[in-house]
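See structure below.
Residue numbers (my numbering), protein chains in the order written: chain W, 1 to 477; chain X, 478 to 954; chain Z, 955 to 1431; chain F, 1432 to 1908.
Written out as C-alpha cells, the structure is:
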C-alpha cells in the first residue's frame, strides 16, 4: 500500500476524508496518498497562523535557532529527502541531492538573516524646520504569509518561501504543488523536530482551484508568495485586495553566444543547463542566440555535449535528463515542437517522446512568434537563433514578455557590459548560462516574470514592513 | 473670460475640442478652462513617453540639472503658483505657500538623488562552488511611468511622482486631478523652461473614467503611481496586468494623548493638524484617543486652540481653514456627522456647513463602527475617544483597515516605544500628530493605505529595477 | 607539576627554552608554564602568517565553516574553558561561563559575516563627463593582522580580534596577555580541530616589551588590533609606520541617575555592573552621577544591592566579585582610594583589601581631578557624584579624556535623547549601565578610548580594504 | 606692488607682521604677499574653531545652503580663480579651469551630503537576552578639523577637506601650502559671502615646520586631514596623540598595457595623463607596464601623442604642460633621471630642463630599484617597463610601498578582473589610466599611500563619529 500523509495544521498532523494521489513520476504508479484539505482545514490553518503570529511572537534568536536546526536536519536526512523528490517529481537523483544541498543553504542563510533585520536612521533633522527631530525606521513582520509553491523544486522553492517568512517573524500557510506535496510535509516534520511553536507553519494540500482560491480570498492572509505561471500570478494580483505579493513567474531564458566567446566552454555549459530536470526550471536555457561567425562550431560542440547526457530513469544516480512532470506536459511540449516544425523549424537533436520522457531537443530555423521561442516551454527544448549584430540581437530578445534571467558568453568586456546594461532581465550572467543561481543572491524577474525578489535577505525585505519612527524632541531638559 | 490651458504632449502645448472647466473653489465661479484629453491625446502622450525613453536616455547629471532648475523656478514663481493653488483647490494661501516650499524640497531632493542611484556588491563568491564569481547589481529605470495625482496637493503630490520618475531616467504620462489640473500644467511649463527634452513629461487632463481608464489599460505603461482612494487603488491593482504599482491611499489617522503627555502642547498641535486644508490631507488627525486622566484638560485646551483658527476665505493670508473641494464633499461629511449624531455622538465644536465650507468639527461619544471613525472622512472632523488602558487602546485603533501614519503624545519613553512597536502604521510620530511629513522621509502606508513609499530616495527605488550581473571569471590569464 | 603549554606557530606546537609562569590568581600558586616566544619564534610566526595569506587564500565559505565549527567547539568545551579562565584570570566562574557563551556568539557572527563581505556600486556615471563608466567596489583582506589582547576577557577579546580577521581572509599573529595566555592557546587547539590551514593563526606568548615590541616593528604586519591601556595604544600608533590600527583603550565610564529614573531598578543594575570581574572591565561603571532629588534613595538601594553580592573565591559558582588580576593592581587601586580620602572623599562601602582581593568600594565627596574619577581605575571602585542640572552634569562628565560607553537612567524621553545627543561616548545606554554589550553591536570609543569598532561586522570593515573598480566602457559593440 | 592678502581668523581678515612671498611660478616674479601666521594667530584660529563648534552648532540645512552657495560662487568667479591658480601654481590655464569645475562638484556634493548624514538600526534584539532592546546609531561631528593641503590642487584639494568638514558640522583650521595660499584665502572670501558663521573656517598661512607643527601639537584639534608626502603623513601619525587622521599620501602609479588592449586609445590616454600639471598629480601615470607583444606599437603611438602636447607658458589656454612648482623640484627630478641614465636607462623622449620647466620625459631600460620607478617622482616623467606574463607583472608592480590608483588597458574581461582583484591599490581603472578621478567617488590609497578616503560622502564618514544608542525598554506600559 502507498504511504499515507496527513496535513500539518496548528502543530498537529491532521487527516481528512478526501485524498490526493501522488504518482511515482517515472513509473506513473501511485507512490503515496495525502490528506486533501477541505474548506475547514484551510480555515483552521489560516486561523492557526494568525493566532500564532498575534499571541506568540518569537524573538529573532529563537527563529535563528529553529531555522539553523532545520538546515542541519536537511543534511541529516538528505538521502531520504532526495529519493522522495525523485519519486514525486521525477527529478534525477543527483539533481535532487543538489536541491537538498541548496535548501540547506536557504535555511542557513534565512536563519542568519533573522539576526540581521534592522532599520536605518532617517535624517529628518536635515529638513528645514525639523532641526529638533530624530528619526529611524524599524522593520516589523507583515503577519500571515500565504505561500503557494511549484512542483519543480519541491524542497528548495518551499524553503525560499517559508524560511524567510519564519526568519522575519511571520506565520505561514503553505499550499505545495499537488503533484509534489510530500517534500513540503517532510519539511514540516523537520520544523516540528526543530521545535517550531505551533501555528507558525501550516501545510494544506489540494488544488489551486480549491485550496488556492480559498487562500486568495481570505483577508487574514497579509502577503502572498507564489512561484508558478504568469496566468496564476496575474489572478493572484487581481484577487487579493490590497494585500502584498511576491510573484516568481515564467521565463523563456535567452543566452547569447558572442563571436568572441569561448565557444567550447559555452557549448558544454549550455548543454548542461538547457536540459536539467527536463528543462522544467524557470531559468532553463530556451533561446540560444549564436553569432553567425561561431554558429557552426558552437552547434557541433553543443550537440556533442548533449550526446554525453544520460537520459532515462531518474533513480539512476548517473541520469541527467529524466521524465517531465506528466505525460500531458510532455505532450504539450511535443505539440509546440511539431507546430514549429510545420512552419519550417528543424529538429537537429532529439524531438522524440516516450510517455512523460521527452528527449533533449534542439531546434533551428525557428521564428520569433513560435511558441517554442516566445512562450515559456518548460521542457527540454532549446532553439538556436543566429544573429550577426549584437545590438539588434538584444533588441529582439528583449521583445519577450518575460525577463527573469539571461546569459552571455563573450571574452570582450565592452560586449559583456553592453549586454549587462541592455538585456532586460532580473539577472544577467556573463560567461554563464541563464540558469545560474545561488541561494544568497537576489533572484526575480522584470516584466511578466514577476514581482519582488527571492534570496533570504531580499525576501525578508518584502516580508517585513519598514515603519518610520520620528521623535519630536525638546532640548529644554 | 476664464484663462485657457492646453495639454502638454511630446513637448508641445496641444489643444483639444472638449474642455474641462476648473472652478474657483471658494466662489464656485469658473476660474479656467483646460483642454480635455481624448483617446487620441492619451495615446500620443504614451507614445511620446515611450519614444523619449527608448531613444533619448538622459545621463544622471542632466536629470540633476533639469530637476534642480525646476526647484529654483518653483521659488521664483512661488507667489503665482500659490495663488493658483488657492484658486483651483480652495487651499488657504499660507498653506499653498508652504506647499510650494515643500515641492521645492521634493524637486531639490529628487535632483540630488538622480546622482546617487547605485547598486551593490553581491557576495556570490561566498556560495559553495561559486568561488570564482564576482557579482553586483545595477539599477535601471522601469520605462514609462503613468502618474495619477489627487487634488489636495496639486503641486507637491505631482512633484512626488514626476520628480523621482525623471530622476531615475523614466518618462512620464501624468493625469492630474480634474478638479485641479492647472498646477500640473504650470509645472510642465517650468520643466519646459528648465530644458526637459520632449516626451519625458506629458500631461493629459480628464476624468479617471476616461483618461485614467485608458492609461490603466495601455500596456506601454510600465509602472503606475497613484495617490487617491483605496477603491481606485484597488482597481488599478486589478487592471494593470503584471505591471508595477505605487499606491498612496487613505487613512483615518489615529493620535494618542497619553496620561503622561504634555497636554497643552498636544492640544495646540493637534488643533492645527486636524483642520489644515479642511482636513483634506491623507494624514489629517481623525481619531484622537485621549487617556481619561487627562481628557478633560485636553478637551478644553483643544477647543480653545480651535477657536483661534481663522475660518473663511482661503485668499486671506490669515485663514487657517477654508472650503472643502466641493459642496458635494462637504455634504457627504455633514451626512456622516449627522449619522453619528443619530447614534448618540455629540458635537462639541462646529458641525455647521455653509456651501463647501464646513466648520472645524469635534465629536465625542462616537463608536468604532461609525463612518466618522472607521472610514476616511477627509474633512475637518475629528473624534475624541477616551481610553484607560494603552494596550487596549492600541489594539482597538489597529482594527482600522488603514495604516498610513499615527501619533502619540507622551513624555514616557517606555510608552512611546511601546506605541512605536505596536501601532500598525507606516509612520509613527512621537510627541507630534499623524500629520507630520517632510519630503525627504519615507512616506507610505500599510494594510489598505497602500503599496510602496514616497520620498524621492524611496520612490526612486520603486521606479528602478535592480539587475544582478554575475561574472564567471577565469583566473588563468 | 604545573601544566605545560607550547606556542602555536605555522600549525605546529612549538616549545622554547624560556617559560612564562602563569599563576592561579586566587591562590597565587603556579598554575601552568607556557613556552615564551623569543625573537626567532615571533619572526617565524609572522613569516608563517604572511606565507599562508599569500599562497593559500581561503574562500569565504571555508572561512565560515571553520569559524562556525570553532563556535560549536566552544560550547562543547565550555566547562573546561571557563574553569581555565577562572584559574588564570581569577574571574568568578559564572562570569567565565558567560564569557564562553559570548565568545560562541562572536565566532558564530564572524562565521556568518564571512559570507556577507561585499562592496557597493559607485555612481560615477553621475559625474559630468563620465556617462560611459560603470564602477563598484570590492573588499579585499589587509593581509597579516597583529593582535595584542588583554587579560580581562582571555577568550572573548581574543575572539573579537581573530574571528573577524579570519572571517575576512587575513592571517593572524596573536600575542595574548602574558598573565592569561592559556585561553588563547586553547582557542588555537579548537581552530586546529576545526581544520584551519596552517599559518592562518599563530600564537606567541611573551611580554609587551619583547614580543609586542618586535611585532610593532615588523613591517610584514599590515594591521594591528590592540585592546589595553591608552599609553600602549599611543605607542602603537607612533611606532607602526603607516600601518592600520584598531585600538580599544580605556574608559572611566559615567552613568547618570536622573530624577525621573526608576531608582530601584537603576540601583540594582549598577550594583551588578560596577563590580563584575572586580571592575576590571573597560566599560565597568566608575562615575555615578546622581540627581540630588533621588540621591538618598539611590544611595541606600545601591548599598543594599552591593551587600547582596558574594565576594570571595572565584571558583565558587555563587561568587560575584573575586580577586583582581594581581596584588600590585589591587594595591594601586587602594592607593588611589586613599589619595582621594586624604582630599576629603568618603568611603561609604568597602575599601578594604586582602591580597589581590579588594572589596566593592563606593566613594562620595570626590572631586573631578582625583584619579578615582578622572583616570580609569579598573578596579571594583565607584564614585557617587551628585548633580542638580542635567546639562551641567553632562558638560562635566564630558571633560574626561575618555569616551567609550556611558549610561543614563530616566523615564523621560526628552532627557534620554538629550543625553544620547550630548554624552561624548561610542555608546550610550538608556535605562542601562555603561556595561551593556552584546557581541553583534558596534563597540568602540571616541577621544582617548580608541580607534575603530569591534563587533564582527564592524571589525571586518576595518580589516578589509575597499577597492574601487571603474570600467571605461565603449558602447560601440 | 604685489597683491596683499590677510589671514582669515574667526570671521575676520587679520594681518600680521611677517609675510609669505608668493611667486608667479612661470616667471618666478613676486606675485603676492600674504600675512604669515605666528603662534598667536594659530592659537586664535584654533580657539575660534573650537568656540564656534561648541557654541553655535549649524543645522544640516544651513550647512547645505552655505556650501551650495559656495559652489555657485566658484562658477561665478571661475575665470578669476583659475587665473590665480595659474599664477601661484604654474598650472596650465585649461587645467586650472577644470579644477574650478571639479571644486564646484566637490562643494555641490558636500552640500547635498550634509542632508544625508544618518545612522542605522542595530539589531541588538537578536542577541540572546536582549529581546527587549532597541538600538540605532547617530552620527555626530568630531569637532575641530585641522586641514593641511598641498600646492597641486590649491582649490579642489582644499575643497575636499573643508567642504565635507563643514557639511558634517565641524569647524576647520586650514593651513594651505605656503607656495599656493591665495586660492584658499579666496575660497574663504566665498564662504564669507555665502554667510558662514564666524569661526567655522579659519585660514592660517605659514610653513609646515611652524604652523603645521603648532597645529599638530594642539590637542584642541580633534582630527587631522592632510594631503602630501608620506614622510609628513607619518610625522602626523606619530605626533597627534590618539586623534583621528585622514592621510592622502604619495604614489608611483602603475598602468598596464595588456596584449589585448586597444593600443592606440591607451597611448593617447596615457600621454595625456602622464604629464598633466607637469606630472604633479598624486595619480599621474609613472610606471607603464607594456606587454611585449604590443610594446613597439604602443611606444610609437605614445611618443606621437606626447609630441602633440603643448609645452610652455601656463597662461596660454592651449598649453598642456607648464613649469613645475619650483626650480628645485625640477632639478630634483632631473637628478633622478640622470641617476637612472647612469645605470643604463634610456631617454626616448624629453629629458631637458629649463628653469622649472622639465620636458615630458619617457624612459626605457629602467630597473625597479631606481628612484624614477620606486619613488614618487611627482614630475613629467614616465617609465616604460616591458612584461610578458601578466601575473608576474602584477606581482612586481605590487612591490611598491604605495597603492593609490592604477590602471589597465585590456579588452579581455578575465584579464581586467584578474587585475581588479590583484593590483594592490585603492582604485583600479579598467581601460583608463590611474589618473581617473571624479569627485563623488571614494579616493584614497592603501599601504604607504594613506588612511581614509576622500570624496565628500566618504570623508564625512571619517569626519563624524557613529554613536550607538541602546534603549532598554519595559513593555509593561
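Beta carbons: idealized from backbone N, C-alpha and C, even for Gly. Quick caveat, the model's predicted, so the values are computed rather than measured.
Put simply, of X:547, X:530 and X:776 the residue whose alpha carbon is nearest the alpha carbon of residue 671 of chain X is X:547.
Residues of chain Z with a Cβ closer than 9 Å to the Cβ of residue 837 of chain X do not exist, since the nearest Cβ in that chain sits about 30 Å away. Taking a contact to require three or more Cβ pairs closer than 8 Å, the region 934-953 of chain X and the region 611-621 of chain X qualify as touching. Between residue 1816 of chain F and chain X, the shortest Cβ-Cβ separation is not below 8 Å.
Residues of the region 1069-1085 of chain Z that bring their beta carbon within less than 9 Å of a beta carbon in chain F comprise 1076, 1077, 1078, 1080, 1081, 1082, 1083 and 1084, in sequence order. Contact between residue 1814 of chain F and residue 1686 of chain F does not hold, since their C-beta atoms are separated by about 11 Å, which reaches or exceeds 8 Å.
In summary, no residue of the region 1457-1468 of chain F has a CB separated from any CB of chain Z by less than 9 Å.
Within 7 Å of the CB of residue 474 of chain W, the CB atoms of chain Z belong to 1368, in sequence order along the chain. In the DSSP assignment, the residues bridged to residue 948 of chain X are W:430 and X:611. Residue pairing for residue 3 of chain W: DSSP places it in a beta bridge opposite W:32. Straight through space, the alpha carbons of residue 1276 of chain Z and residue 1045 of chain Z are spaced by roughly 6 Å. The Cβ atoms of residue 1372 of chain Z and residue 475 of chain W sit closer than 8 Å to each other. In chain order, 1552 make up the part of chain F whose C-beta sits under 8 Å from the C-beta of residue 137 of chain W.
Cβ-Cβ separation between residue 1713 of chain F and residue 1835 of chain F: approximately 6 Å, consistent with a contact (criterion under 8 Å). At least one C-beta of chain W is nearer than 8 Å to the C-beta of residue 1842 of chain F. Residue burial annotation: residue 1346 of chain Z is exposed, with fewer than 16 other C-beta atoms found within 10 angstroms of its C-beta. Shortest Cα-Cα distance from residue 163 of chain W to any of W:326, W:65, W:346 and W:353 involves W:65.
Contact annotation, residue 684 of chain X with residue 655 of chain X: C-beta distance approximately 5 Å; criterion of less than 8 Å satisfied.
Around the CB of residue 1658 of chain F, 16 or more other CB atoms lie within 10 Å, so the residue is classed as buried.
Contact annotation for residue 1344 of chain Z against chain W: 477 [CB-CB distance below 9 Å, chain order]. Contact holds between the region 1547-1562 of chain F and the region 102-122 of chain W, because three or more Cβ pairs, one in each stretch, are under 8 Å apart. For residue 463 of chain W, the closest C-alpha among the options W:477, W:132 and W:113 is that of W:113.
With distances taken between CA atoms, residue 17 of chain W lies nearest to W:6 out of W:6, W:10, W:26 and W:25.
As for any beta strand (DSSP E) of minimum length 3 sitting wholly inside the region 1554-1607 of chain F, the runs are 1564-1572, 1575-1579 and 1602-1606, ordered along the chain. Proximity of the region 139-155 of chain W to the region 74-90 of chain W meets the contact definition, three or more beta-carbon pairs being nearer than 8 Å. Under the three-state reduction of DSSP, residue 1685 of chain F is assigned to strand. Annotation for residue 56 of chain W: 197 place their beta carbon closer than 6 Å to its own, counting only its chain and skipping 5 residues before and after. When DSSP states are grouped into helix, strand and coil, residue 448 of chain W belongs to the helix group. Note that the region 873-891 of chain X touches the region 921-929 of chain X; at least 3 beta-carbon pairs, one per stretch, sit closer than 8 Å. Think of a sphere of 7 Å around the beta carbon of residue 1095 of chain Z: no beta carbon from chain X falls inside it, the nearest being about 13 Å out.
Taking C-beta separations shorter than 6 Å and ignoring five residues to either side along the sequence, the partners of residue 906 of chain X in its chain run 884 and 913, following chain order.
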